[in-house]
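Notes to accompany the following structure.
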Amino acid sequence: MNGQDAFDSTCIDAPPSCFMKERPINGMTVGIPKEYYNEALSSECWKGWNEAAKALAALGCKIKEVSMPSTTYSIICYHILAEADITSNMAR
Numbered sequence: 000m001n002g003q004d005a006f007d008s009t010c011i012d013a014p015p016s017c018f019m020k021e022r023p024i025n026g027m028t029v030g031i032p033k034e035y036y037n038e039a040l041s042s043e044c045w046k047g048w049n050e051a052a053k054a055l056a057a058l059g060c061k062i063k064e065v066s067m068p069s070t071t072y073s074i075i076c077y078h079i080l081a082e083a084d085i086t087s088n089m090a091r
């Protein structure tokens with residue numbers, strides 16, 4: 000995602016940048032949270048997830064399993080923040 004979004008009123012009008020040209024992907028470490036591997040994922044999601052990890056590894060990335068134990072709270076936080084955002088927008 001890069002550049003202005005016509006549907007986002009908080010977006011700035013700036014030209015798209017190509018920040019990855021200066022930083023090659025080869026040698027980067029990509030963390031994959033182990034908490035995201037769970038029984039709720041469909042087989043299609045599993046397949047896409049694994050294909051993406053393999054593609055990044057083929058480009059020279061180091062794939063590393065990481066832990067994000069607070070992930071279980073993310074949906075709760077999202078709902079709290081979304082309600083606050085909606086309330087703020089409705090007050091305008």
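Quick note on numbering: the sequence shown equals residues 0 to 91 in numbering that gives the first Met the number 0. Where is the CB? At the ideal position from N, CA and C, for every residue including glycine.
| Query | Result |
| --- | --- |
| Own chain, CB closer than 8 Å to Glu-34, minus 5 neighbours either side, in chain order | Ser-66, Met-67, Pro-68, Thr-70 and Thr-71 |
| Start and end residues, alpha helix (DSSP H) containing Lys-53 | 42-57 |
| Coarse secondary structure for Ile-62, derived from DSSP in three states | strand |
| Straight-line Cα distance separating Asn-37 from Gly-2 | 34 Å |
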